[in-house]
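Visitor: In the numbering used here, the protein residues as written are 0 to 236. I have a structure I would like to understand better, so I am pasting it below and will then ask my questions one at a time.
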């Protein structure tokens, strides 16, 4: 084990808090770009990356975002926001870009290229046909016979649920990356999705989380982490 690497991760992970009070100090663009690039390294199904990250730094739009986030404490003093948008449209095009990379990067042998070409057909089927209403009906029928089909992303809502899982990986990676750059964060769920979508002129997708960013106000008290005992969360098989 690399002890230094583990200690560095523990430090970053333990310092990441849901910050309620920020100083309002501006975040350098260089830091934000590095944080957003790090978030893109999060895993996603088929490496499709079914999400968008909307970085809000304009002061007037930030003011609108505060209202859209119902003037939560974190939103009121945040220096910037990142709105995570899970989407189901255009995903086949994402995979085509990946295939272009596989074909032209010189990093993949012919066997690997053939594997990803075959996967392309599955992706196109999955992203184009799954949202159709008939699949929602099919899922409802199948769950009568076995509960396992509850987990299948059939129908438009199922595909959004699938995309949301990948987008949350990116959100968590973003918050850890921000902490590593000395920027504090707070994930927020208590926002008005219709207002936020209107502010950002979003035509499609769902918003699982809005992340407030800034420098933590150290004048405000910070209580220690509390978590359930490990044996209440972890089951060993």
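A virtual CB, placed ideally from N, CA and C, is assigned to each residue, including glycine.
#1: Residue ranges of each alpha helix (DSSP H) run of no fewer than 4 residues wholly in the region 151-215, ordered along the chain?
#2: Whose CA, out of 88, 91, 92 and 116, lies closest to the CA of residue 101?
#3: Under three-state DSSP, which class holds residue 111?
#4: Give, in chain order, every unbroken run of the alpha helix (DSSP H) that is at least 4 residues long and sits entirely within the region 17-68.
#5: Express the C-alpha separation of residue 187 and residue 45 in angstroms, rounding to a whole number.
#6: Can you check which of these residues, 167, 104 and 53, is closest to residue 207 by C-alpha distance?
#7: Determine the extent of the alpha helix (DSSP H) in which residue 74 is found, giving its start and end residues.
#8: Can you say whether residue 90 is buried or exposed, counting buried as having 16 or more other CB atoms within 10 angstroms of its CB?
#9: Which first and last residues belong to the alpha helix (DSSP H) in which residue 84 is found?
#10: Looking at residue 41 and residue 172, is the spacing between their C-beta atoms short of 8 Å?
#11: I want to know whether the region 176-193 touches the region 29-37 - three or more CB-CB distances under 8 Å.
#12: What is the C-beta distance between residue 82 and residue 53, in whole angstroms, given that I count them as a contact (C-beta under 8 Å)?
#13: Cutting at 7 Å between CB atoms, please list the residues of its own chain near residue 14, excluding the five before and the five after it.
#14: Which residues in the same chain as residue 19 place their Cβ atom closer than 8 Å to its Cβ, once the five residues preceding and following it in sequence are excluded?
#15: Evaluate the contact criterion for the region 187-199 versus the region 56-73: three or more CB pairs, one atom per stretch, below 8 Å.
#16: Tell me which residue opens and which closes the alpha helix (DSSP H) that residue 232 is part of.
#17: Can you tell which of 85, 79 and 122 has the C-alpha that lies nearest to the C-alpha of residue 98?
#18: My output table needs one value for residue 95: the three-state DSSP class, helix, strand or coil.
#19: Would you kindly work out how many angstroms separate the C-alpha atoms of residue 150 and residue 233, rounded to a whole number?
#20: Within 10 angstroms of the Cβ of residue 86, are there 16 or more other Cβ atoms? Answer buried if so, exposed if not.
#21: Apart from the five residues just before and just after residue 23, which ones in its own chain have a Cβ nearer than 7 Å to its Cβ?
#22: What residues in its chain sit with their C-beta under 6 Å from that of residue 47, if we drop five residues either side in the sequence?
Guide: For this structure:
#1: Fully enclosed alpha helix (DSSP H) runs of 4 or longer: 154-179 and 192-198.
#2: The shortest C-alpha separation from residue 101 is found at 116.
#3: Looking at residue 111 - three-state DSSP - the assignment turns out to be helix.
#4: Fully enclosed alpha helix (DSSP H) runs of 4 or longer: 28-38 and 58-67.
#5: When the Cα atoms are used, residue 45 and residue 187 turn out to be separated by approximately 27 Å.
#6: Nearest to residue 207 by C-alpha distance, out of 167, 104 and 53, is 167.
#7: In the DSSP assignment, residue 74 falls within the unbroken alpha helix (DSSP H) covering 72-76.
#8: Counting C-beta atoms within 10 angstroms of its own C-beta, residue 90 has 16 or more neighbours from the protein chains shown and is therefore classed as buried.
#9: Segment 79-85 is the beta strand (DSSP E) holding residue 84; no alpha helix (DSSP H) there.
#10: Note that the C-beta distance between residue 172 and residue 41 is below 8 Å.
#11: Yes, they touch.
#12: Separation of the CB atoms of residue 82 and residue 53 is rounded to 4 Å, and the pair is thereby assigned contact status at 8 Å.
#13: In its chain, beyond the 5 residues on either side, 178 have a beta carbon closer than 7 Å to the beta carbon of residue 14.
#14: Counting only Cβ-Cβ distances below 8 Å, and skipping sequence neighbours, we find 72, 73, 185 and 219.
#15: By the Cβ criterion, the region 187-199 is in contact with the region 56-73, since at least three pairs of Cβ atoms, one from each stretch, lie closer than 8 Å.
#16: Where residue 232 is concerned, the enclosing alpha helix (DSSP H) stretches over 229-232.
#17: The shortest Cα separation from residue 98 among 85, 79 and 122 belongs to 122.
#18: In the structure shown, residue 95 sits in a helix (DSSP, three-state: H, G or I).
#19: Confidence at residue 150 is low in this model, with a pLDDT of 46, below 50, so its placement is unreliable and the value that follows should be read with caution. Going by the C-alpha atoms only, they are around 21 Å apart.
#20: When all chains shown are included, residue 86 counts as buried.
#21: Sequence-distant Cβ neighbours of residue 23 in its own chain, meaning closer than 7 Å and more than five residues away, are 76, 78 and 213.
#22: Closer than 6 Å at Cβ, skipping near neighbours: 90, 93 and 94.
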